[in-house]
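First up is the structure itself, then whatever we jot down about it.
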Amino acid sequence: MSGDGSAVFDRLGLTEYEETALRELLSLGKTTAPNLAEATDIPKARIYGVLDSLSDRGFVEVIPGRPKEYQPKPPEAILDRAVENRRQDYEEFSAAIDDLREEFLAAFRPRYERASEDVTPTEELFHVVDVGEPSERETRRLYHEADEEVDVVTKSFEYFDSVEPALADALERGVEVSVLMLVPDFLSTDPRDEPAIQREIVERIREDYPAVEIRFSTGKLPFRGHVADPSPDYETGSAILLVEEEDVPNHMRQAAITDNGAFVAGLKRYFDLIWDHESVADREG
Numbered sequence: 588m589s590g591d592g593s594a595v596f597d598r599l600g601l602t603e604y605e606e607t608a609l610r611e612l613l614s615l616g617k618t619t620a621p622n623l624a625e626a627t628d629i630p631k632a633r634i635y636g637v638l639d640s641l642s643d644r645g646f647v648e649v650i651p652g653r654p655k656e657y658q659p660k661p662p663e664a665i666l667d668r669a670v671e672n673r674r675q676d677y678e679e680f681s682a683a684i685d686d687l688r689e690e691f692l693a694a695f696r697p698r699y700e701r702a703s704e705d706v707t708p709t710e711e712l713f714h715v716v717d718v719g720e721p722s723e724r725e726t727r728r729l730y731h732e733a734d735e736e737v738d739v740v741t742k743s744f745e746y747f748d749s750v751e752p753a754l755a756d757a758l759e760r761g762v763e764v765s766v767l768m769l770v771p772d773f774l775s776t777d778p779r780d781e782p783a784i785q786r787e788i789v790e791r792i793r794e795d796y797p798a799v800e801i802r803f804s805t806g807k808l809p810f811r812g813h814v815a816d817p818s819p820d821y822e823t824g825s826a827i828l829l830v831e832e833e834d835v836p837n838h839m840r841q842a843a844i845t846d847n848g849a850f851v852a853g854l855k856r857y858f859d860l861i862w863d864h865e866s867v868a869d870r871e872g
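Start counting the sequence shown at 588; every next residue gets the next number (this note's numbering).
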């Protein structure tokens, strides 16, 4: 993270011109559209549309006059409005889906059931997604849907930032989270300094989420992933995992997702065996 506050702009859903205009307005304060166009090199034919869009989102105030002037909202207000905009978008989306639910189910459930009649047990056991944003999105879903526990198998938890809000939500709901990492001896220092990444993540988790238990496997782990809500009767549970393939870059891998209770129970049993008998509490152990 750069530390200059710029990362927020990536979350606001702005076009390139909108981001440029808002950044400049926060530095200039109140100004006119022609002045802003000159300061940013945004075409004059586009500047009014850009400012109207920022005004519609609640990030900029329009001050009447001849000429009109535009003033940015305070940074705190911009962040609050961004959250409110997203909340309203979600509520509108949810309401629209509810209105269409009955029609959609009536049209497509019979088709799905007919098409699923020939699905084999093997096809039902797993489905796959690409490693990266798709797998991280599924991991966040797993945290959000967990009721009792989530067990994590990872090398250094280098993707922690992408799942942290979902993990925090799970902890607030009383979900128990346990993280099994590798001792640094098995981490790579080329091309990335995985031991340093792991050290930073461990420190953050222990400081910000003390309820999370962390141990370190003293042997290599054949898979990485998350296991949620396993049950001894094989009735519940879900998991996302990928097999360790050191010679294959992450962007070329796929992660397997399963809701098969028996398979999830098997993953949990493996996790417990490593946790209880082949791991240490200290990463330098």
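We put the beta carbon where it would ideally sit given N, CA and C, even for glycine.
Straight through space, the alpha carbons of glutamine 785 and leucine 754 are spaced by roughly 17 Å. The beta carbons of proline 809 and valine 830 sit closer together than 8 Å. Per DSSP, the unbroken beta strand (DSSP E) holding proline 659 starts and ends at 656-659. Restricted to the stretch 778-802, the alpha helix (DSSP H) segments that are unbroken, complete and at least 4 residues in length are 781-795, listed in chain order. Annotation for leucine 774: no alpha helix (DSSP H) segment contains it, and DSSP assigns it neither H nor E. For the options Ile665, Val750, Leu712, the alpha carbon positioned closest to that of alanine 843 is the one of Leu712. For valine 814, the beta-bridge partners assigned by DSSP are Asp738, Ala826. Per DSSP, the unbroken beta strand (DSSP E) holding valine 715 starts and ends at 714-717.
Judged by DSSP secondary structure, glutamate 648 falls within the beta strand (DSSP E) whose first and last residues are 647-650. Between the stretch 762-778 and the stretch 795-807, the count of C-beta pairs closer than 8 Å reaches three or more; the two stretches touch. Counted as a single uninterrupted DSSP element, the beta strand (DSSP E) harbouring threonine 845 occupies residues 841-845.
The stretch 637-652 makes contact with the stretch 661-672, as at least three CB pairs between them are under 8 Å. Taking 8 Å as the cut-off, the beta carbon of isoleucine 788 is found no closer than this to the beta carbon of threonine 726. Straight through space, the alpha carbons of serine 765 and glutamate 745 are spaced by roughly 16 Å.
Taking all protein chains shown into account, methionine 768 has 16 or more neighbouring C-beta atoms within 10 Å of its C-beta and is therefore buried. For alanine 733, there is no enclosing alpha helix (DSSP H), as DSSP marks it with neither H nor E. Collapsing the DSSP output to three states places glutamate 865 in coil. The stretch 849-859 makes contact with the stretch 811-825, as at least three CB pairs between them are under 8 Å. In this structure, the beta-carbon distance from arginine 668 to lysine 660 falls below 8 Å. For tyrosine 635, the enclosing alpha helix (DSSP H) has its first and last residue at 631-643. For the 8 Å CB-CB criterion, glutamate 656 and threonine 607 do not form a contact. When the Cα atoms are used, isoleucine 650 and histidine 714 turn out to be separated by approximately 54 Å. Contact annotation, leucine 615 with leucine 609: C-beta distance approximately 11 Å; criterion of less than 8 Å not satisfied.
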